[in-house]
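Here my numbering is used: position 155 in the sequence shown is 765, and no number is missing along the way.
Report on the following structure.
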Amino acid sequence: MKAIRVDAFGPPAEVVRYLEVPEPESPREGEITVSVEATPINPSDLLILSGIYGALPRLPTVPGKEGVGRVIDVGPGVRGIERGTRVLLPIGAGAWRERLKVHAEDVIPAPEGVPAEQLAMATLNPLAAHFLLTALVNLGPGDFLVQNAASSAIGRWIVTLAKERGIKTVNVVRRASQCEPLRALGANVVLVDGAELGKRITAATRGASIKLGLDAVAGGATTRIAGCLGRGGTVVSYGMLSGQPGHIATNDLVFRDIHLRGFWLASHLATIPKEELCELWKRLAGLVATSAVAVPVEATYTLDRIKDAVTHAEREGRGGKIVLVPQGR
Numbered sequence: 611m612k613a614i615r616v617d618a619f620g621p622p623a624e625v626v627r628y629l630e631v632p633e634p635e636s637p638r639e640g641e642i643t644v645s646v647e648a649t650p651i652n653p654s655d656l657l658i659l660s661g662i663y664g665a666l667p668r669l670p671t672v673p674g675k676e677g678v679g680r681v682i683d684v685g686p687g688v689r690g691i692e693r694g695t696r697v698l699l700p701i702g703a704g705a706w707r708e709r710l711k712v713h714a715e716d717v718i719p720a721p722e723g724v725p726a727e728q729l730a731m732a733t734l735n736p737l738a739a740h741f742l743l744t745a746l747v748n749l750g751p752g753d754f755l756v757q758n759a760a761s762s763a764i765g766r767w768i769v770t771l772a773k774e775r776g777i778k779t780v781n782v783v784r785r786a787s788q789c790e791p792l793r794a795l796g797a798n799v800v801l802v803d804g805a806e807l808g809k810r811i812t813a814a815t816r817g818a819s820i821k822l823g824l825d826a827v828a829g830g831a832t833t834r835i836a837g838c839l840g841r842g843g844t845v846v847s848y849g850m851l852s853g854q855p856g857h858i859a860t861n862d863l864v865f866r867d868i869h870l871r872g873f874w875l876a877s878h879l880a881t882i883p884k885e886e887l888c889e890l891w892k893r894l895a896g897l898v899a900t901s902a903v904a905v906p907v908e909a910t911y912t913l914d915r916i917k918d919a920v921t922h923a924e925r926e927g928r929g930g931k932i933v934l935v936p937q938g939r
């Protein structure tokens, strides 16, 4: 079968290899074999390929942190999952391949009637958005948060889940064309990043004291997010799309008691009981089934075009996700 393999870390488009690999062995007790329908190229995948992620796999490795597929073989002792069942793959399964074998207890049944490209993105971003909203700062109905990279997949999830809880969102984007889709999703305030961002946010929120700032960009964007917060507010850094270190003004730290902390989904998931995590995962996947959160997909690629796909995923100004379809379109 075909798969993408990485033998060394480096520039993503240079290190990915499309090649023939052995078929998975027949599933053993409690295992299933899955034919992968779709798997996205996430920023975390690109960081892993580059060798700068928080935890790197042993080489050689098959990338792909999330995806969706159909069960094609079932091992002894598996209950509740049959051939043909659609499932969300375990986080970090290595989904950039045609088929793989996993433990049945680690997958979540996925709904029918939903595009595979959407289901493929129903794991990492929904979970991260949930915990960014609930685990770090106590927010209640009527409270504001501000986030940058708001038109990203995780940004759209944050808007949707915040709206469910009555939390108001201030959303910072790079281009004016990104504003209206977020408003249609339920965003309260959408502004283009740039000069006097803090003053514009103050005007748009009528001087609301914002408790939480979510920063996926780093660099100077961290400074601007921090400057938008009320006294004692918290900036949570969870990404580095700019590729630059985050900066925060000393005046904000000292005189306004602004707090800065990081968030990494992988380490947070390790603290959550498996049963609780599975129930949460099912609920969030259900929102995908209702089309409550449809993440724009700019292009799909077959595995043989992996270098083109990775290059596209790294391109600035994309209008949506890049998704691999191992079985073809």
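Backbone N, C-alpha and C define an ideal beta-carbon position, used for all residues, glycine too.
Query: The segment 742 to 757 / the segment 776 to 788 touching (three or more Cβ pairs under 8 Å); Result: yes
Query: Assigned secondary structure, L742 (DSSP; H/G/I helix, E/B strand, else coil); Result: helix
Query: First and last residue of the uninterrupted beta strand (DSSP E) at R893; Result: Careful: R893 lies outside any beta strand (DSSP E), inside the alpha helix (DSSP H) at 884 to 899.
Query: The segment 703 to 721 contacting the segment 803 to 814, beta-carbon criterion three pairs below 8 Å; Result: no
Query: Contacts around D862, its chain only, beta-carbon distance under 6 Å, and the 5 residues preceding and following it disregarded; Result: A836, I868
Query: Residues of its chain near S656, where Cβ-Cβ distance is below 8 Å and the 5 sequence neighbours each way are ignored; Result: The displayed chain sequence assigns Leu, not Ser, to residue 656. P622, V920, A923, E924, listed in sequence order.
Query: Length of the line joining the Cα atoms of I682 and V935; Result: 17 Å
Query: Limits of the alpha helix (DSSP H) - the one that Q728 falls within; Result: 726 to 729
Query: Segment contact, 8 Å Cβ cut-off, at least three pairs: the segment 684 to 692 with the segment 644 to 659; Result: no
Query: Reduced DSSP category for R627 - H, G, I as helix; E, B as strand; rest coil; Result: strand
Query: Bridge-paired residues (DSSP) for S645; Result: R680, R709
Query: Where A613 sits in the DSSP three-state scheme; Result: strand
Query: Coarse secondary structure for D825, derived from DSSP in three states; Result: strand
Query: Residues bridged to L755 [DSSP beta-bridge criterion]; Result: T779, L822
Query: L666 versus R784 - alpha carbon distance; Result: 30 Å
Query: Beta-carbon proximity of G840 to I820, cut-off 8 Å; Result: yes
Query: Contact the segment 911 to 918 vs the segment 629 to 644: 3+ CB pairs below 8 Å; Result: no
Query: Straight-line Cα distance separating Q728 from T900; Result: 11 Å
Query: Among P906, I932, L734, the one whose alpha carbon lies nearest that of S761; Result: P906
Query: Contact check, T770 vs V903, beta carbons under 8 Å; Result: yes
Query: Three-state class that DSSP yields for G853 in the structure shown; Result: coil
Query: Cutoff 6 Å; reference T671; Cβ partners in own chain excluding five residues on either side; Result: V616
Query: Rounded separation between L822 and F619 - CA only; Result: 35 Å
Query: Alpha-carbon to alpha-carbon, T833 and G796; Result: 26 Å
Query: Beta-carbon proximity list for K773, same chain, < 6 Å, skipping 5 on both sides; Result: G796
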